[in-house]
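Below: the structure, in structure tokens.
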Amino acid sequence: YSFFLLLLVEFVYALRYTTTTPSYPIFTLFVVILYGPVLLFTILVHEFGHALTTKKLGGSVGGIVLWPLGGFALCGPTEALSGDLKVALMGPLMHIPMGFVWWIIYAGIAGSTHGYWPSMTIYLDVLSNSAAGFFEILSAQALYLNILLLCFNLFLPAYPLDGGRIYASTLILLFKLPPIKAAKVTAITAMLLSAGMILYSIISIFADSSGSELLLGIVGIFVFYQSHELWVAARTGALGNHPIFGRECYRTTTTTGGSSSGNNEGGDEQDTAVPAQSDEAAMA
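According to the working numbering, the sequence shown is numbered sequentially starting from 3.
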């Protein structure tokens, strides 16, 4: 039930429009639907993308957990780092067909009158005018929700989100960084990004923005904490015990060229640990 924390925050924020002149109580219903069943379905499809890809590549799936910051699939490691990269990518890529479906719904309702690409603005008069207006705004915001989650998870290299795992895997596979160096670069990058998220959230809250800015700050705190833990593990040589970089079957880095770093001794064992997929997922 903690998954619906964002819904609660947005619901409380939406109540202000029931006391304005004119009042828009329909906006509260809109918020409940968008951040309730629509977001829930979106997160589940995202996580199914991770889970089904893991199964296809021979990994194991223990289930899908929903929590206040989105969800994560309990996916066991695949046989190669390239496989984990595919698993990390498939979650965010699921937002493309979902967004396309919402765009078709919007275009069918409002394309001939308001254009075929929706505005990001929530027009309260359109929302409350008719059922068609309600679903026009709902489909537009659901489309932008999927675009936001696609970009947030795919292009934001913030560990332990999808983008952070993609970033770490790319550093190892494409730039040939040793896993311990990739872990340090990933941690530093994520800590800088999360600090920016926290700062933006604080400024937005004092500027009287929407409740979702508070959740962005919570995500930033979570990312900073996890990234700091990763940094400490890399600095102290404890990556072998890390829940992602230290998984047993990833202690030997295997590349597409077939090379394997198998000459480790003693304390250097953690240098060959690479990230497995246990996705911390999409945030709103």
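Ideal Cβ placement from N, Cα and C applies to all residues, glycine included.
All values reported here derive from a predicted model rather than from experimental measurement.
Spatial neighbours of residue 203 in its own chain (CB-CB distance under 7 Å, excluding positions within 5 residues in sequence) are listed in chain order as 215, 216, 218, 219 and 222.
Going by C-alpha positions, residue 116 is about 13 Å away from residue 107. DSSP assignment within the stretch 73–143 yields the following whole alpha helix (DSSP H) runs of 4 residues or more, N-terminal first: 83–95, 97–116 and 126–131. Bounds of the alpha helix (DSSP H) holding residue 167 are 164–175.
Comparing alpha carbon positions, the residue from 139, 231, 187 and 129 closest to residue 25 is 129. Per DSSP, reduced to three states, the secondary structure at residue 179 is coil, with no helix or strand assignment. By alpha-carbon distance to residue 125, the top candidate from 165, 19, 232 and 11 is 19. Around the beta carbon of residue 209, fewer than 16 other beta carbons lie within 10 angstroms, which makes this residue exposed. The DSSP-derived three-state label of residue 68 is strand. When the Cα atoms are used, residue 151 and residue 30 turn out to be separated by approximately 22 Å. In the DSSP assignment, residue 52 falls within the unbroken alpha helix (DSSP H) covering 41–58. Around the beta carbon of residue 186, 16 or more other beta carbons sit within 10 angstroms, so the residue counts as buried.
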